[in-house]
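Structure, as structure tokens:
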Amino acid sequence: MANSLLTDASRRLDRALKYVTISEDTAERLKAPKASLKVSIPVRMDDGSLRVFEGYRVHFDDTRGPTKGGIRFHPQVSLDEVQSLAFWMTFKCAALNIPFGGAKGGVTLNPKELSKAELERLSRGYIDAIANFIGPDTDIPAPDVYTNPMIMGWMMDQYSIIRQQRSPAVITGKPVALGGSLGRSTATGTGAFYVLEAIMAQLPDSQKSTPKTVAVQGFGNAGSVVARHLFDAGYTVVAVSDSRGGIYTPSGLDIPSIQKFKADTRSVKAVYCDGSVCSLVDHTVITNEELLSLDVDILIPAALENQITGANADKIQARYIFEVANGPISADADDILEAKGITVFPDILVNAGGVTVSYFEWVQNRSGLYWSLEEVNQRLKKQIVTAANTIWQLAKTHQTSARTAAYIHALNSLGAAMDARGTRADYVRNS
Ligand code: NAD
Numbered sequence: 120m121a122n123s124l125l126t127d128a129s130r131r132l133d134r135a136l137k138y139v140t141i142s143e144d145t146a147e148r149l150k151a152p153k154a155s156l157k158v159s160i161p162v163r164m165d166d167g168s169l170r171v172f173e174g175y176r177v178h179f180d181d182t183r184g185p186t187k188g189g190i191r192f193h194p195q196v197s198l199d200e201v202q203s204l205a206f207w208m209t210f211k212c213a214a215l216n217i218p219f220g221g222a223k224g225g226v227t228l229n230p231k232e233l234s235k236a237e238l239e240r241l242s243r244g245y246i247d248a249i250a251n252f253i254g255p256d257t258d259i260p261a262p263d264v265y266t267n268p269m270i271m272g273w274m275m276d277q278y279s280i281i282r283q284q285r286s287p288a289v290i291t292g293k294p295v296a297l298g299g300s301l302g303r304s305t306a307t308g309t310g311a312f313y314v315l316e317a318i319m320a321q322l323p324d325s326q327k328s329t330p331k332t333v334a335v336q337g338f339g340n341a342g343s344v345v346a347r348h349l350f351d352a353g354y355t356v357v358a359v360s361d362s363r364g365g366i367y368t369p370s371g372l373d374i375p376s377i378q379k380f381k382a383d384t385r386s387v388k389a390v391y392c393d394g395s396v397c398s399l400v401d402h403t404v405i406t407n408e409e410l411l412s413l414d415v416d417i418l419i420p421a422a423l424e425n426q427i428t429g430a431n432a433d434k435i436q437a438r439y440i441f442e443v444a445n446g447p448i449s450a451d452a453d454d455i456l457e458a459k460g461i462t463v464f465p466d467i468l469v470n471a472g473g474v475t476v477s478y479f480e481w482v483q484n485r486s487g488l489y490w491s492l493e494e495v496n497q498r499l500k501k502q503i504v505t506a507a508n509t510i511w512q513l514a515k516t517h518q519t520s521a522r523t524a525a526y527i528h529a530l531n532s533l534g535a536a537m538d539a540r541g542t543r544a545d546y547v548r549n550s
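Residue numbers (our numbering): 120 to 550.
What follows is the structure, encoded as structure tokens:
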């Protein structure tokens, strides 16, 4: 497991453990997933051929409730990646005081190479393969990179066919017409903006009257929404990027027109945005590597994990980093950034708006009572800003990074739940 993503993720846990009083048994149990499922998904392609895709679903820990976590369709999906994402979900739900454990799923493929019909067959095939591993009371999937509400709708439908009853609460991030929550599609970016605003108001820099400059890596679901909120609030978003590269304008980009361009250039498949932000306005084209090292006040990695590592951390010039992506900074980069005086706000807090509104969706599905967008956003703001303030206070009390403080907060909650469940293992051994 040396150098694995999960080992790297666990290093953050080790740093927080010395500040909490949980048992060694509990700490040990939190280092490995509870269960990992690897499946093969045969898919009949449009040309009549058969392709078999590899998929995964991992339950990391379910002490605090049914496990929860998104499904990623991406060529880099591996068991190690899915396990680390499930690890982060466990700590994210605990840090936000959401009554869920952590899980994640994924299929290794480039979904942009599939037609819409092939994608639907793959999505249904994935649910066929994991149906006994998920359920409204056991494990509840949601969207992640390159999956979306349409795919969640197909998956919910397939699960309902298998169970022979409509089961909206098995999956969140569904289309609103199928029981999705208002505000879910924008929740990750909106939650990140609430955290950023709450924290920035408490930083010495908040007194500065000049507009703050921001660079956003990854102009997808999460990144484009947070960029739009920042633009509307008067921040100067100088650079954004997608998988093909980035654009940079020191005077600031017009985020609404970039959002419109991305939406307008959606292909006829109507699944993914095929337009790149790189062909839009008067701008300088930059690489993703260049975007990360721009001299800005705030850097927002919102694409994939391991974007800032020991190899490039010394080039980062931003004063604050808000991790909207999961795991964009490797553990070895933490110390380098800290030594440079860069303050990092961690993924398990900053991007928790998505799982918070997924929890709201699950509650609405189970109660049958649906909330207005205003109510969803009010509840989201209250829950995520409470967590942000608690974590920031813990960081000051223990004089640790915000990341370690977030893990301390989550560990306290997880440790209390594990201890409260008793010691069945000891009981069984001694009986
Ligand atoms: P998305 O598929 O909507 O967008 C991903 C974006 O990143 C796309 O614009 C893509 O072009 C870009 N991208 C891909 N590879 C890149 C690279 N190497 N460099 C720069 N850009 C690249 O995905 P999303 O849902 O916005 O997720 C983005 C991140 O946020 C992921 O880490 C995901 O786990 C995390 N996240 C998402 C949610 C959610 O609700 N969507 C919730 C929590 C965390």
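Beta carbons are placed, not taken as given, at the ideal position from N, Cα and C, and that holds for glycine.
Please read all numbers here as calculations on a predicted model, not as lab measurements.
Asked, Found
"Short Cβ contact (7 angstroms threshold) for Ala222 with Arg485", "no"
"Gln378, enclosing alpha helix (DSSP H) - first and last residue", "Ile374 to Asp383"
"Limits of the alpha helix (DSSP H) - the one that Pro230 falls within", "Element bounds for Pro230: n/a, residue is neither H nor E."
"Per-residue burial, Thr406 [other beta carbons within 10 Å of its own, 16 or more giving buried]", "exposed"
"Delimiting residues of the beta strand (DSSP E) encompassing Glu173", "Leu169 to Asp180"
"Asn407 beta carbon near the ligand NAD (any heavy atom closer than 6 angstroms)", "yes"
"Contact test: Ala341 Cβ vs the ligand NAD heavy atom, cutoff 6 angstroms", "yes"
"Coil, strand or helix - Tyr138 by DSSP", "coil"
"Whether Asp247 touches Ser449 by CB criterion (7 angstroms)", "no"
"Rounded C-alpha distance that separates Val201 from Leu533", "21 angstroms"
"Extent of the continuous alpha helix (DSSP H) run through Gly371", "Taken as a continuous stretch (DSSP letters only), Gly371 belongs to no alpha helix (DSSP H), as it is neither H nor E."
"8 angstroms contact criterion, which Pro260 and Gly224 should meet: CB distance rounded", "6 angstroms"
"Tyr526 Cβ short of 6 angstroms to the ligand NAD heavy atom set", "no"
"Inter-residue Cα distance where the pair is Leu241 and Leu204", "22 angstroms"
"Any non-hydrogen atom of the ligand NAD within 6 angstroms of Ser360 CB", "yes"
"Option nearest Gln336 by Cα separation, candidates Ile440, Asp433 and Gly254", "Ile440"
"Minimum C-alpha distance to Leu198 - residue among Ser155, Ala458 and Gly365", "Ser155"
"Whole-Å CB distance - Ile419 paired with Ala334, under 8 angstroms assumed", "7 angstroms"
"7 angstroms Cβ cutoff met for Ile366 and Ala346", "no"
"Cβ-heavy atom distance, Thr307 to the ligand NAD, below 6 angstroms", "yes"
"Euclidean distance between Cα positions of Pro230 and Phe192", "6 angstroms"
"Continuous alpha helix (DSSP H) assignments of at least 4 residues falling wholly in the stretch 194-270", "198-214 and 235-249"
"Rounded separation between Thr332 and Arg183 - CA only", "39 angstroms"
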